[in-house]
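Line by line, the protein sequences give chains A and B. Under this note's numbering, read the first sequence as residues 1 to 522, first letter to last. Under this note's numbering, read the second sequence as residues 523 to 721, first letter to last.
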Amino acid sequence: MAAIDFKDESAVVIVGSGAGGGTLAHELTRRGIKVVLLEAGKRQSLDSFSQVPGEAFTQLTWLDPRTQSGDWGVARDFPTLPVWHCKTVGGTTVHWTASAPRLRPWELRARTTYGNLAGASLIDWPIAYDELEKYYKIAELRMGVTRRNDMPGLPASNNFKVMYAGAKKLGYKQVHTGHMAINSVISDGRGYCIQQGFCVQGCKMGAKWSTLYTEIPDAESTGNLDLRIESAATRIEHDREGRVNAVVYRDGEGKEQRQKARLVCVAGNAIETARLLLLSESARYPHGLANSSDQVGRNYCHQITGFVWGIFDKPIYSWRGATLAGVVEDEVVNNPERGFVGGYRIELLALDLPTLPLVGLPYGWGRDFASILDNYRNLAGLFINGEDLPRPENRITLNSNVKDAFGLPVANVHVDEHANDRAMRKHAQGQMSKMYEAIGAKRVVLGPVPPATHNLCTARMSADPRDGVTNAWGQTHDVKNLFISDGSVLSTPGAANPTLTIVALALRQADYISQQMKAGEL
Amino acid sequence: MRNRIDKKTRGEATMSRFPDGQPDRRQFLKTTGLLTGWVAAGSSLALIAPAPARAWAIDLAALTSAEGATLMAAARTIAPHDKLEDAAYALVVRAIDAEAAKDERIRKVVRAGAAGLGNDFAKTDESARVAALKKIEASEFFQTVRLKTLQVLYATPMAYAYFGYEGEAFSRGGYLSRGFNDLRWLPEVPLEDSGPVPS
Numbered sequence: 001m002a003a004i005d006f007k008d009e010s011a012v013v014i015v016g017s018g019a020g021g022g023t024l025a026h027e028l029t030r031r032g033i034k035v036v037l038l039e040a041g042k043r044q045s046l047d048s049f050s051q052v053p054g055e056a057f058t059q060l061t062w063l064d065p066r067t068q069s070g071d072w073g074v075a076r077d078f079p080t081l082p083v084w085h086c087k088t089v090g091g092t093t094v095h096w097t098a099s100a101p102r103l104r105p106w107e108l109r110a111r112t113t114y115g116n117l118a119g120a121s122l123i124d125w126p127i128a129y130d131e132l133e134k135y136y137k138i139a140e141l142r143m144g145v146t147r148r149n150d151m152p153g154l155p156a157s158n159n160f161k162v163m164y165a166g167a168k169k170l171g172y173k174q175v176h177t178g179h180m181a182i183n184s185v186i187s188d189g190r191g192y193c194i195q196q197g198f199c200v201q202g203c204k205m206g207a208k209w210s211t212l213y214t215e216i217p218d219a220e221s222t223g224n225l226d227l228r229i230e231s232a233a234t235r236i237e238h239d240r241e242g243r244v245n246a247v248v249y250r251d252g253e254g255k256e257q258r259q260k261a262r263l264v265c266v267a268g269n270a271i272e273t274a275r276l277l278l279l280s281e282s283a284r285y286p287h288g289l290a291n292s293s294d295q296v297g298r299n300y301c302h303q304i305t306g307f308v309w310g311i312f313d314k315p316i317y318s319w320r321g322a323t324l325a326g327v328v329e330d331e332v333v334n335n336p337e338r339g340f341v342g343g344y345r346i347e348l349l350a351l352d353l354p355t356l357p358l359v360g361l362p363y364g365w366g367r368d369f370a371s372i373l374d375n376y377r378n379l380a381g382l383f384i385n386g387e388d389l390p391r392p393e394n395r396i397t398l399n400s401n402v403k404d405a406f407g408l409p410v411a412n413v414h415v416d417e418h419a420n421d422r423a424m425r426k427h428a429q430g431q432m433s434k435m436y437e438a439i440g441a442k443r444v445v446l447g448p449v450p451p452a453t454h455n456l457c458t459a460r461m462s463a464d465p466r467d468g469v470t471n472a473w474g475q476t477h478d479v480k481n482l483f484i485s486d487g488s489v490l491s492t493p494g495a496a497n498p499t500l501t502i503v504a505l506a507l508r509q510a511d512y513i514s515q516q517m518k519a520g521e522l
Numbered sequence: 523m524r525n526r527i528d529k530k531t532r533g534e535a536t537m538s539r540f541p542d543g544q545p546d547r548r549q550f551l552k553t554t555g556l557l558t559g560w561v562a563a564g565s566s567l568a569l570i571a572p573a574p575a576r577a578w579a580i581d582l583a584a585l586t587s588a589e590g591a592t593l594m595a596a597a598r599t600i601a602p603h604d605k606l607e608d609a610a611y612a613l614v615v616r617a618i619d620a621e622a623a624k625d626e627r628i629r630k631v632v633r634a635g636a637a638g639l640g641n642d643f644a645k646t647d648e649s650a651r652v653a654a655l656k657k658i659e660a661s662e663f664f665q666t667v668r669l670k671t672l673q674v675l676y677a678t679p680m681a682y683a684y685f686g687y688e689g690e691a692f693s694r695g696g697y698l699s700r701g702f703n704d705l706r707w708l709p710e711v712p713l714e715d716s717g718p719v720p721s
C-alpha cells in the first residue's frame, strides 16, 4: 500500500469506500493513478463480522446523529434513524442484500415518460441507455451477478417457493431468484452462497460482492492506494480560481488532517455527500460547494419500500437462505391506469430475531403483536422496491441545532411523500397481500416503512446545470476537478435497487477521469 | 485463480472485543435488588441450560427487587408469550437495570415509571396491566421498556429456542444442507426460474 504525502498535490482523494468510491479507487489505481481513499469507519473482515444481529448492526451502521422531518412514516416510527447505511470499509456493500437489477431504458427518461407532474421535480437522465448498458455489462461481470453471463441463478429457498407459488397464482410471469451479486458457483476467488440468511450482517463466506474484499484489496495490490480508515472528511477546500485542492478530515484520534488533492471525488452516501458539500461553504461558494444551482441536497429520493408478511399454517423457516433472492418484475412498467406513474419490484425478504419486531412489524405490543412472533416459523416475507418521485423540498440540510462529535451541524433529512408514492405503496401492498391470500395465508401483516437504505439523487446529473449538480460523468457543473461518485448522482431513482447502477457509473466515471487526465484537462 | 479471501483480509479486525456499554460491576458493589426463578423441566430454557443449573438469579445494580418485579411484569405484558420462561424476561430487566446504572437520568425515569405503576402491578391480572400501560404509552418510561423488551427478549437463546429460530448458520455450513429448501407443501420451482443447488 502506498503512503501518500499530505502535501502531495498529484493525488486523487476519494471520500468513501463503498460501491462508488471503492470501485472508483480500484479503477483509478489500476491505471497508475495515486489515490488517497478516506473512510470514516473501521475495517472489518470476514472473521470479524459479528453473527449477533444487534452487535452486527452496531459494528457496521452509521450511527452518528441525524435529524429528520416531514410526513413520511420513518419520521414517526424511527425518529433517530432516518436512514440505514454503513460506516465501515466497503461502505454499504458490506450489509447490502446484493440485488443487482438494471434500470429500464424508459426509467432514464422519467420526465418524458411520466410527464410534468405537479409537486415533482422530474428530469431525464443526461445519459442514453445504450451508453449505460455498456457499463452495466462490465459491472455484472465484475460483481458476478446471477442469471447474467455464466453465473447460474441461485437455488429456490423455502421463502421463495411461497413467493413463487403466490405470484404464479396471480398470473405474474417474470418471477425468479433475481439478479444477485452473490456467487452461485465458485468464482473470482470467492466461494458460493451457502444460504446463511445473514447477508445484512456481512457475508462471512465472501460470496456476496463487497468492495471490502474485492475492489479494495485489488486497489491495494497496485501499490497506488493509500486507504485511511477512521478518517472523516469535514471540509473540501479550494484555491483562488475556485478549483478544489485539499480535503480536511479528522483522523482516528480526532486530530485534524489536510490532504492535498489534484482532484476530489465524493462518495459518502447521498446524505453525507450532500452534507460535506454544504459544510464546505466559503466566501466564493457561500451556499456550499457545487451549489450555484441550489440543488445540492434537494430531490432526495429513497425508493418506495415496505414489508408484507404472510402467516401460513405450515412451516417456512424464512430465515434459511439468501435474504433477498427472489423477485417479481411484472410491475416494473409505467402503467398510469394503476393510479400512479413508475414501476415497482416485489422482492423476497426475511428478517432475523430481534430485527423482525424492531424494524419489520408495525408499531405495537400486547397479545396481537406477540401472536405474529408466535408464528415466526410459519411466516413468509416480501418487500417493495419502487420508484419514488423527486421533490425539491425533500432534501438534506444542515441542522445547526444538533452537532456531531466534531462540533459540526448534522444532516437533517426531510421527506414529504408525493401522492404518487402513497398510491404505489398501496397498490404494491395490495398485490403482495393477494399473492399470499391466493395460496392460503391465514393472515397478512403490512409492515412499516423502514429507515431508508437507498439514498439517492441529492447531487443529481442534469443536462441543464440549473436542474442538478453534476454533468453526465458526475463532474460538478461548478467545479471542474470535483466529482460525485455515489448514488447522489442518479438523476431519478427508478425501481431498481441502485448498487449496480452506482458501480456502472463509477466505472464510466473512471474512464472519463483517466482520459481527461491524459488529455491534460484535469 | 486468485484467492480473494487471503489471510490479510481475514485478519484485519479492528472491532473491540468488549463493546461499549458494559457496566463495570465494581462501581456497583451495593447491589440493591435480586430477581430469582426456577427453570421448569421440559421448557425451552431447560433444553439449553447446563444440566444441573435449574435455578437462575440476576442481581440488580440500580433497581430494587420490587422495581425489578414490576418491570418484568411490564415486559411480559408488552410481549406476552405464555410458555416463554421468566428467565428470558429477567434478561430484559437486567438490560434496563444496566442502563439505569450507567445513566442517572434513565434511572430516574425508570424508577418513577415503576413507582407510577404501583407495588401491586405484577400481581394484577393481564387486562389491568394492559390498561395501566395504555395510559402511559406515550411516556419515555413505557417507550424505553418496550424498546428494551423487543431488543433483548427476542435476542435471547430462550426466545430463539421458543420460536424455533436457528440464528447464525455460518459456523454450521449455512442452511444449504440444513433445510433451506425443504418446504414440500407447495410445488417446486422450475430450474429456469431458480438455479442448481451447489454440491
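Beta carbons are placed, not taken as given, at the ideal position from N, Cα and C, and that holds for glycine. The model shown is predicted, which means the values in this text are computed figures rather than measured ones.
Cβ pair residue i, residue j closer than 8 Å
i, j, result
"V445(A)", "I372(A)", "yes"
"L289(A)", "L522(A)", "no"
"G533(A)", "G206(A)", "Since the first residue shown for chain A is 1 and the last is 522, residue 533(A) is missing from the structure and cannot be characterised."
"L527(A)", "L37(A)", "With chain A covering 1 to 522 only, the question about residue 527(A) has no answer from this structure."
"L606(B)", "Y684(B)", "yes"
"Q44(A)", "T112(A)", "no"
"T93(A)", "G18(A)", "yes"
"D388(A)", "I304(A)", "yes"
"G54(A)", "L212(A)", "no"
"R250(A)", "E256(A)", "yes"
"A219(A)", "T29(A)", "yes"
8 Å Cβ shell around residue i - same chain, five flanking residues per side excluded
i, result
"L324(A)", "T97, A98, S99, G178, M180, C199, E347, L348, L349, F383"
"T476(A)", "L289, A290, A459, V469, T470, L482, F483, I484"
"Q431(A)", "L170, E331, I346"
Given residue i as reference, the closest of the options once Cα atoms are compared
i, options, result
"T458(A)", "V410(A), N299(A), P451(A), V162(A)", "N299(A)"
"M424(A)", "W473(A), V479(A), F340(A)", "F340(A)"
"F663(B)", "T678(B), T558(B), D619(B), G695(B)", "D619(B)"
"G360(A)", "A519(A), G310(A), P450(A), R508(A)", "P450(A)"
"H26(A)", "I216(A), V74(A), E417(A)", "I216(A)"
"N159(A)", "V667(B), Y697(B), R668(B), F692(B)", "Y697(B)"
"Q259(A)", "L279(A), S231(A), L278(A)", "S231(A)"
"A322(A)", "D5(A), R148(A), C86(A), K161(A)", "K161(A)"
"R721(B)", "I186(A), V266(A), A270(A), I439(A)", "It should be noted that the sequence gives Ser, not Arg, for residue 721(B). If we check each option's Cα against that of S721(B), I186(A) comes out closest."
Neighbourhood of residue i by C-beta, 6 Å cutoff - its chain only, sequence neighbours within 5 removed
i, result
"N399(A)", "T67, P409, V410, N412"
"K670(B)", "V614, A617, I618"
"Q295(A)", "G468, V469"
"A584(B)", "D619, A622, A623, R629"
"D64(A)", "D404"
"W84(A)", "P451, T453"
Residue burial classification, residue i (beta-carbon count within 10 angstroms, cutoff 16)
i, result
"Q196(A)", "buried"
"W560(B)", "exposed"
"Y317(A)", "buried"
"K530(B)", "Low confidence applies to K530(B): its pLDDT is 44, below 50, so where it sits in the model is not reliable, and the reading given next is rough at best. K530(B) comes out exposed."
"N335(A)", "exposed"
"V667(B)", "buried"
"Y363(A)", "exposed"
"L556(B)", "exposed"
"P718(B)", "exposed"
"D642(B)", "exposed"
"P574(B)", "Because the pLDDT of P574(B) is 49, which lies under 50, any placement of that residue in the model is unreliable, and the number read from its coordinates should be weighed accordingly. Classification of P574(B): exposed, given that the 10 Å Cβ count is below 16."
Close beta carbons around residue i, own chain, < 7 Å, minus the five adjacent residues each side
i, result
"R395(A)", "G297, R298, Y300, H414"
"Q509(A)", "L24, W473, G474, F483, S485"
"R148(A)", "E140, H179"
"L593(B)", "V615, I618, A636, V667"
"R524(B)", "Bear in mind that the predicted position of R524(B) carries a pLDDT of just 49, short of 50, making it unreliable; the figure below should be weighed with that in mind. Same-chain partners within the cutoff: there are none."
(message) Using a Cβ-Cβ cutoff of 8 Å, what residues of the region 371-398 of chain A are near chain B? List them in chain order.
(response) L373, D374, Y376, R377: these are the residues of the region 371-398 of chain A whose beta carbon lies less than 8 Å from some beta carbon of chain B, given in chain order.
(request) For the region 655-672 of chain B, enumerate the residues whose C-beta is nearer than 7 Å to any C-beta of chain A, in chain order. (result) The residues in question are R668, L672.
(request) Select from the region 697-713 of chain B all residues with a C-beta closer than 8 Å to any C-beta belonging to chain A, and list them in chain order. (result) Taking 8 Å as the Cβ-Cβ cut-off against chain A, the residues of the region 697-713 of chain B that qualify are Y697, L698, R700, G701, F702, N703, D704, L705, W707, L708, P709, E710, V711.
(request) Mind checking the region 574-597 of chain B against chain A and listing, in chain order, the residues whose C-beta falls within less than 9 Å of any C-beta there? (result) Cβ contacts with chain A come from no residue of the region 574-597 of chain B.
(request) Quick one: which residues of the region 346-368 of chain A get their C-beta closer than 7 Å to a C-beta of chain B? List them in chain order. (result) Within the region 346-368 of chain A, the residues whose Cβ lies closer than 7 Å to some Cβ of chain B are L353, P354, P357, L358, W365, G366, R367, listed in chain order.
(request) For the region 311-326 of chain A, enumerate the residues whose C-beta is nearer than 7 Å to any C-beta of chain B, in chain order. (result) The residues in question are K314, I316, Y317, W319, R320, G321.
(request) Check each residue of the region 154-177 of chain A: if its Cβ is closer than 8 Å to any Cβ of chain B, include it; give the result in chain order. (result) Those residues of the region 154-177 of chain A that come within reach of chain B (Cβ to Cβ, closer than 8 Å) are L154, P155, A156, S157, N158, F160, K161, V162, Y164, A165, V175, H176, T177.
(request) Report the residues of the region 186-199 of chain A with a CB closer than 7 Å to any CB of chain B, ordered along the chain. (result) For the region 186-199 of chain A, the set of residues with a beta-carbon nearer than 7 Å to any beta-carbon of chain B comprises D188, G189, R190, Y192, I194, Q195, Q196, G197, F198, in chain order.
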